[in-house]
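Per the working numbering, residue 1002 is the first one in the sequence shown, and the count goes up by one each step.
Taking it in order: structure first as structure tokens, then the write-up.
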Amino acid sequence: MKVTEQKLTDGRIRLDAVASPAEVNHAFTVAQYLSLQDLGIRVPQGKTAQQVAADELHIKDLDALAAPKAAQYLVPFAIDKRNLTPAFMPAEVPTGTIKRGEPFEFSVTITPKPTYELDDYSPVSVTVPPSDIPESEIDKQLVNLAESYATFVSADPHPIEETDCALIAMDAEQDGKPLPALHTEGRTYAMGMNLMPEEFERNLLGMQPGETKTFTVAMPGEGGKPGDAIEFTVTVKEVQDRKIPVIDDAWVKENFPMLPGVEGVRESLRATMKQQVEQQIDQMKMQAAASEIARRFKGGIPDVIHDATQRALVDDLRLRTKAQGMTFEQYMEQMGGQQNFSLMLALQARETLAQGYALDAVFRHERLKVTDADVAATCRAMNPQNPQIVCRDMEDNGRGFALREACERYVANKWLADHATVTVMQPDAAPVAAAAAAQGEGGEGESAVKSEEVPAPEE
């Protein structure tokens, strides 16, 4: 792609670009898939988007529908080509006729990201809970470990009650067709665990060992509404008791022969929990450091940038509420109505921008650099399960400038946290740290009356 830039009198930058036929063809391929995705249609493996559009929608020319998306898809590549960072992505679709197999000339105007300086670059102060693991938390984990090794034994025959476990055989059909995933010759089912819909469990109540029952259950659908009905045939083989083992040295030798008895298990649990707590504390330090440095941001943010940030936040919320089966209007009501929501959104946009611009200032002021390890850490923070796909998607979609910005802010945030003055709460003021590690959750502890000052590390 060939791109030239011209600075306009209002401070914006106009980009004039020419995409090659190969780039246009790729843009159309991506745009076709995005167009079908917007219509809720998935393209199966082995078929093209055009084939699916023709078969299911009787659309012979999917390119005509996808043309605006194809043109829009090329915009970030033009921005990245000039190594620019926009304050926000332009919303307008480039004008002109875009055709597969032909070059495409287009223009786009961007608002460059502004730069600010802070009056104060001294270390920030943050407060975190201690990383020590109370023995009571180890005790809880031992209980959880024992419960995870529970076995089920036959109990005296009696009608199934609300808290019982039962060994059942099960078959299921939907519209007369068997459902292999719901077939079992014998599986323990625990009542009250919400493993199946409530109606399923109501039909099990009162069944006796040896009894068989056929019943229909409306399975959950989208948006909390009932979905298609499934016919179940269930046979109760036996009612069972749950037997939880006693964790002693003999049990450890049998199940964890590599560990030296119960104390070895406790030490292993303590090490794992401490690692989790320390990771959470590091995250808390970074979050607190970013919030603190944002307080030092005094610059005026242009309305056009603030408004664009609010729109981006709304778009993100719409996607998240839809994924949760909730309408955007319902979400606003939960937030106290449109007026309260609008106020919250304006404050969030301001905080987001202030943090970002303050971190940009720290990155420049401290003359920090981004390493390959920093890129990997940034992508891991965005998607802990699959960080590689984050980097690849951003690069493949022309958003290298967004990845660079995210990496620079991550590096600045980490530098702030590493050089912060850290106050560690007294253990009795912050018991949540170890509990959070045990539950896989983070959380802020209460403020401590007494604290211990930890000096910032030397550079």
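Using N, Cα and C, we set each Cβ at its ideal position, and we do this for glycine too.
Remember, it's a predicted structure, so these values are computed and weren't measured experimentally.
Cβ pair Ala1055, Leu1063 closer than 9 Å: yes
Close-in-space but distant-in-sequence residues of the same chain around Glu1103 (CB under 8 Å, 5 per side omitted): Pro1022 and Val1025
Inter-residue spacing [alpha-carbon to alpha-carbon] between Thr1010 and Pro1115: 15 Å
Classification of Thr1379 by the beta-carbon crowding that lies within 10 angstroms, buried from 16 upward: buried
Three-state secondary structure (DSSP) of Lys1238: Collapsing the DSSP output to three states places Lys1238 in a strand.
Met1426, enclosing beta strand (DSSP E) - first and last residue: Thr1422 to Met1426
Close-in-space but distant-in-sequence residues of the same chain around Met1336 (CB under 7 Å, 5 per side omitted): Phe1342 and Met1345
Same chain only: Cβ atoms within 6 Å of Pro1432, ignoring 5 sequence neighbours per side: For Pro1432, the predicted structure reports a pLDDT of 49, less than 50, and the residue's modelled location is therefore unreliable. The matter cannot be settled from this model.
Minimum length 4: unbroken alpha helix (DSSP H) runs contained in the stretch 1284-1371: 1304-1324, 1329-1335 and 1339-1366
Rounded distance between the beta-carbons of Ala1079 and Ala1018, thought under 8 Å: 4 Å
DSSP-derived helix/strand/coil call for Asp1394: helix
Supposed contact pair Phe1298 and Ala1355 - C-beta distance, whole angstroms, cut 8 Å: 4 Å
Arg1381: first and last residue of the uninterrupted alpha helix (DSSP H) it sits in: Asp1373 to Met1383
Sequence ranges, alpha helix (DSSP H) only - wholly within the stretch 1160-1190, length at least 4: none
Whether Leu1314 touches Tyr1332 by CB criterion (9 Å): no
Sequence-distant residues of the same chain with beta carbon closer than 6 Å to Leu1404, five excluded per side: Met1395
For Asp1011, three-class secondary structure by DSSP: coil
First through last residue of the alpha helix (DSSP H) which encompasses Val1144: Glu1136 to Ser1149 is the extent of the alpha helix (DSSP H) around Val1144.
First and last residue of the uninterrupted alpha helix (DSSP H) at Val1053: Ala1050 to Leu1058
Met1231, DSSP secondary structure in three states: Looking at the sequence shown, residue 1231 is not Met but Ile. Strand at Ile1231.
Between the CA atoms of Gln1033 and Gln1052 - distance to the nearest angstrom: In this structure, the straight-line span from the alpha carbon of Gln1052 to that of Gln1033 is close to 11 Å.
Opposing strand residues paired with Lys1244 [DSSP bridges]: Thr1152
Length of the line joining the Cα atoms of Leu1066 and Gln1038: 13 Å
Three-state secondary structure assigned by DSSP to Val1076: Three-state DSSP puts Val1076 in a helix.
Contact check, Phe1153 vs Lys1238, beta carbons under 9 Å: no
Whether Thr1164 touches Gly1207 by CB criterion (9 Å): no
Sequence-distant residues of the same chain with beta carbon closer than 7 Å to Glu1057, five excluded per side: Scanning its chain for C-beta atoms nearer than 7 Å, with the 5 sequence neighbours on each side dropped, one finds around Glu1057 the residues Ile1042, in chain order.
Candidates Asp1172, Ser1137, Leu1183 and Ala1359: closest to Ser1292 by CA position: Considering only alpha carbons, the answer is Ala1359.
Glu1202 - containing beta strand (DSSP E), residue span: Here Glu1202 belongs to no beta strand (DSSP E); instead the alpha helix (DSSP H) covers Glu1199 to Leu1205.
Cβ-based neighbour list, Thr1236, same chain, cut-off 6 Å, excluding 5 preceding and 5 following: Ala1170 and Thr1213
Residues that Pro1087 bridges to, as DSSP identifies them: Among the bridge pairs identified by DSSP, Pro1087 is matched with Pro1113.
Cut-off 8 Å between Cβ atoms - residues of its own chain near Ala1435, not counting five sequence neighbours on either side: Below a pLDDT of 50, predicted positions are generally treated as unreliable, and Ala1435, at 48, falls in that range; the measurement from the model is reported next regardless. Counting only Cβ-Cβ distances below 8 Å, and skipping sequence neighbours, we find Asp1133, Ile1134, Pro1135, Glu1138, Met1274 and Val1278.
Separation of Val1376 from Pro982, as counted between CA atoms: As displayed, the chain neither begins before 1002 nor continues past 1460, which places residue 982 out of reach and without an answer.
Three-state secondary structure assigned by DSSP to Phe1257: Phe1257 sits in coil when the DSSP states are folded into three classes, being neither helix nor strand.
Straight-line Cα distance separating Leu1168 from Thr1189: 4 Å
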